[in-house]
Amino acid sequence: MVIVGSGPAAVSAAEAFRDHNPDDPIRIITDDPALPYARPPLSKEFLRGEAEPTDAELHPATWFDERSIELVRGVSVDAVDVAGRHVTVDGKHRPYRWLILACGAKPVPFPVPGGETALLLRSLADAQSLRDAAVKAGSAVVIGAGFIGCEAAASLAMRGVSTTLVAPDRVPQAKRLGEDAGERITRLLRDTGVTYVGSVSVDGLAEGVVRLDDGTTIECDLVVAATGVEPQSAMASAAGIETRDGRVVVDAHMRTSVDNVYAAGDVAFAYNSLAGRSVAVEHWQDAVDQGEIAGAGAAGQTREWDAVPGFWTTIGEATLKYHAWGDGFERARFVDHGDGFTVWYERERAAVGVLTLNADEDYDRGEELIQRKSPIPL
Ligand SMILES: Cc1cc2nc3c(=O)[nH]c(=O)nc-3n(C[C@H](O)[C@H](O)[C@H](O)COP(=O)(O)OP(=O)(O)OC[C@H]3O[C@@H](n4cnc5c(N)ncnc54)[C@H](O)[C@@H]3O)c2cc1C
24 MVIVGSGPAA
34 VSAAEAFRDH
44 NPDDPIRIIT
54 DDPALPYARP
64 PLSKEFLRGE
74 AEPTDAELHP
84 ATWFDERSIE
94 LVRGVSVDAV
104 DVAGRHVTVD
114 GKHRPYRWLI
124 LACGAKPVPF
134 PVPGGETALL
144 LRSLADAQSL
154 RDAAVKAGSA
164 VVIGAGFIGC
174 EAAASLAMRG
184 VSTTLVAPDR
194 VPQAKRLGED
204 AGERITRLLR
214 DTGVTYVGSV
224 SVDGLAEGVV
234 RLDDGTTIEC
244 DLVVAATGVE
254 PQSAMASAAG
264 IETRDGRVVV
274 DAHMRTSVDN
284 VYAAGDVAFA
294 YNSLAGRSVA
304 VEHWQDAVDQ
314 GEIAGAGAAG
324 QTREWDAVPG
334 FWTTIGEATL
344 KYHAWGDGFE
354 RARFVDHGDG
364 FTVWYERERA
374 AVGVLTLNAD
384 EDYDRGEELI
394 QRKSPIPL
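Numbering (this note's numbering), first residue to last: 24 to 401.
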C-alpha cells in the first residue's frame with residue numbers, strides 16, 4: 024500500500040487498511056517534513072501562541088512503528104504510472120499494489136503584483152513563519168474572509184496585533200452563508216478586535232502597504248493571504264485518472280477511475296450516496312471519514328460515504344458549527360437566539376444546511392433534516 028500525503032485522509036487510510044490487513048507493507052510518502060499533525064489548531068491556539076507543534080501531532084512516531092506503517096517524510100511523489108503500478112520519487116520507482124491519493128490542497132499564490140510577499144497558512148511550517156512574524160508585528164492585514172482568514176485574523180488580534188481583514192463580500196462569507204450570518208461573523212470578529220473592510224479587492228502589495236481597488240491603502244507589518252486553496256490533482260490527471268473541476272473523481276467507496284487507485288480528502292470529488300451526487304468538501308472530519316473508507320476498501324471491506332459534511336470553526340471565543348452539502352441553497356432563514364443564532368438553508372424544499380452558534384439542538388436537528396431531505400422548520 025502506498026499513500027501519498029500525510030494529512031487526516033492519509034493517516035486514517037493507513038490506520039483502516041492496517042486494521043483489516045495486518046500483513047502487507049504500508050508506506051506513507053509526504054513532502055511535509057513534520058510528523059503528521061492537525062491543521063485546525065494552526066489558525067487558532069497555535070497562532071495565538073497557546074500551543075506548540077507537538078500539541079498538534081496526530082500520533083507520536085511510535086504509533087506508526089507499532090503498526091508497521093513506514094513514514095517517508097520531506098519527499099515529493101512526482102508521478103504515478105497506473106499501468107506499471109508504481110509512483111516516482113526522486114527519480115526512483117516505488118511499486119504499489121494499492122495506491123491512495125490523499126494529496127489535499129495547497130494555497131493558491133496570491134495573484135496580484137507583490138502577492139508573493141504575503142504569508143500563507145496551510146502547513147505547520149507556514150504557521151510557524153506566521154507566528155514568528157506576528158511576534159514582531161504591530162499591525163497585520165489578512166486578505167480573504169473564509170473561515171481560515173477569519174480565524175487567523177481573530178487570533179492575530181487576540182495576540183494584540185492591530186488586524187484588518189479585507190474581502191470582496193460586504194460582510195464575511197455573505198455569498199456562502201447569507202447576509203445575516205455574515206453580519207454576525209463581523210460582530211464576532213469585532214469582539215476580538217478585528218476591523219473588517221468589505222466590498223474591496225486587493226490590487227497589489229508593496230513594502231508594508233496593501234493597495235485596495237477603491238484607491239485606499241493600508242499600512243501594516245505583515246500580510247496574510249487566505250484567498251483559497253487548489254486541490255493537488257495535477258499528478259492524478261497527468262496519470263490519466265479522471266478529474267473534474269480540479270479534483271479527483273471518486274465513487275462513494277473512494278475508488279478512482281483506475282483499478283486499485285483511491286483518492287480521499289480535499290483532493291477528491293466524492294460521490295455521497297445520501298446526497299445522491301458528488302460534493303467537494305474541505306473539512307477535517309470528512310477527510311478522516313473518506314480516508315477510512317478508502318483504506319478499508321483497499322483491504323477488502325465495503326464502506327461508503329453517506330455522512331452529511333460539516334465542520335466547526337472558532338472565532339475568538341465563539342464556535343460556529345456547520346453541516347451542509349455546501350453546493351448552494353435557494354433560501355436561508357436566520358433565527359436570532361440573542362447569545363447565538365441558527366441559519367437554516369433550503370433548496371427544492373429540502374434542508375441542505377444548518378449553521379449554528381450556541382444552538383447545539385438545532386445543529387443536531389439540522390443534520391437529521393438534511394439526512395431526511397425534510398423542509399427547514401418554519
Ligand atoms: C489553518 C487551517 C485551519 C483549518 N481549520 C479547520 C477546522 O477548524 N475545521 C475543519 O473541518 N477543517 C479545517 N481545516 C481544513 C482541513 O485541515 C482540511 O480539510 C484537511 O487537512 C484535508 O485533509 P487531507 O488529508 O485531504 O489533506 P491535507 O491535510 O492537505 O494533506 C495533504 C498532504 O499531502 C501532501 N502532498 C501533496 N502532494 C504531494 C506529493 N505530490 N507528494 C508527497 N506529498 C504530497 C501535503 O504536503 C500534505 O501533507 C483547516 C485548514 C487549515 C490550513
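Quick reminder that beta carbons are idealized off the backbone N, C-alpha and C, glycines included.
1) Which parts of the stretch 107-166 are runs of the beta strand (DSSP E), unbroken and 3 residues or longer, counting only runs that do not cross its ends?
2) Closest by CA to Leu188, which one among Ala197, Ala382, Arg199 and Thr209?
3) Could you tell me whether the stretch 107-120 touches the stretch 57-69, using the rule of 3 or more Cβ pairs below 8 Å?
4) Would you decide whether Ala275 is buried or exposed? Buried here means 16 or more other CB atoms lie within 10 Å of its CB.
5) DSSP on His306, reduced to helix/strand/coil?
6) Round the Cβ separation of Ile49 and Arg41 to the nearest angstrom and send it over; I've been treating them as touching at under 8 Å.
7) Taking three-plus beta-carbon pairs below 8 Å as touching, is the stretch 225-242 in contact with the stretch 142-149?
8) Check this for me: beta carbons of Ile51 and Val105, under 8 Å apart or not?
9) Distance, Cα to Cα, Met181 vs Val217?
10) Going by DSSP, which residues form a beta bridge with Thr336?
11) If we ignore side chains and look at the alpha-carbon of each, how far apart do Val331 and Gly389 end up?
12) Do we get a CB-CB distance below 8 Å when we pair Thr186 with the residues of chain E?
13) Check Phe352 in the structure and name its three-state DSSP category.
14) Residue range of the beta strand (DSSP E) that Pro254 falls in?
15) By Cβ distance below 8 Å, which residues in the same chain neighbour Asp312 in space, the five residues on each side in sequence not counted?
16) What do you get for His360, buried or exposed, if any count of 16 or more other CB atoms within 10 angstroms of its CB means buried?
17) Can Ser29 be considered in contact with ligand 1, in the sense that its beta carbon sits closer than 7 Å to one or more heavy atoms?
18) When you compare only the Cα positions, how much space is there between Lys396 and Asp244?
19) Entirely within the stretch 239-321 and at least 4 residues each: give me those alpha helix (DSSP H) ranges in chain order.
20) Between which two residues does the alpha helix (DSSP H) carrying Ser178 extend?
21) Taking the alpha carbon of Ala102 as the reference point, which residue from Gly363, Glu139 and Ser260 has its own alpha carbon closest?
22) Between Val375 and Trp348, which are expected to be in contact by the criterion C-beta below 8 Å, what is the C-beta distance as a whole number of angstroms?
23) Are the Cβ atoms of Asp372 and Gly351 separated by less than 8 Å?
24) Between Arg154 and the rest of its own chain, which residues show a CB-CB distance below 8 Å, the 5 nearest in sequence each way excluded?
25) Do Ser152 and ligand 1 come close, with the Cβ less than 7 Å from some heavy atom?
26) Can you tell me which of the three DSSP states Val100 falls into?
27) Could you have a look at Ile92 and say whether DSSP puts it in helix, strand or coil?
Taking the structure as given:
1) 109-112, 115-118, 122-124, 128-130 and 162-166
2) Thr209
3) no
4) buried
5) coil
6) 6 Å
7) no
8) no
9) 9 Å
10) Leu343
11) 10 Å
12) Looking at the structure shown, chain E is missing, and only one protein chain is on hand.
13) coil
14) Val252 to Pro254
15) Ser35, Trp328 and Ala330
16) exposed
17) yes
18) 49 Å
19) 257-261 and 307-321
20) Phe170 to Met181
21) Ser260
22) 5 Å
23) The sequence shown places Arg at residue 372, not Asp. The answer is no: Cβ separation not under 8 Å.
24) Phe69, Leu70 and Gly72
25) no
26) strand
27) strand
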